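S.K.: Have a look at this one.
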Amino acid sequence: MVVPLNEKVTLTEKPSDFERKGNHWLERAKEFISEAKTVGIIALQENLSLKKDFLKKIGSNPILRDRALFVSIKNPWNLLYMR
Numbered sequence: 233m234v235v236p237l238n239e240k241v242t243l244t245e246k247p248s249d250f251e252r253k254g255n256h257w258l259e260r261a262k263e264f265i266s267e268a269k270t271v272g273i274i275a276l277q278e279n280l281s282l283k284k285d286f287l288k289k290i291g292s293n294p295i296l297r298d299r300a301l302f303v304s305i306k307n308p309w310n311l312l313y314m315r
């Protein structure tokens, strides 16, 4: 199949147009799933530093009351939060 040069340029430009418009939802979803898997591993470990760093990333406004930690969970992490 012979593709005219101007059509070939248009076809190669489309992926970069896609990235420029900020349509990175698939990459963000992939990253979220990977980090969600990692948080399960972190939760089972005794390393408090890793837990602290992850809570900073996914939450805000941490409150320590009666020896319990309360954190407001940011989107999209609130999808995984179970009450």
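Residues 233 to 315 in the numbering used here are what the sequence shown spells out, letter by letter. Heads up, the beta-carbon is just placed ideally off N, CA and C, and yes, glycines get one too. Just so it is clear, the structure is predicted and the values come from calculations on it, not from any experiment.
#1: Excluding the 5 residues preceding and the 5 following L258 in the sequence, name in chain order all residues of the same chain whose CB lies nearer than 6 Å to its CB.
#2: Quick check: the Cα distance between F302 and E263, rounded to an integer number of angstroms?
#3: With DSSP as the reference, label R297 as helix, strand or coil.
#4: Look up G272 in the DSSP assignment and give the residues it is bridged to.
#5: For the alpha helix (DSSP H) that contains K288, what are its first and last residues?
M.R.: Checking against the coordinates, here is how it stands:
#1: none
#2: 25 Å
#3: strand
#4: Partner(s): none; G272 has no beta bridge.
#5: L280 to I290
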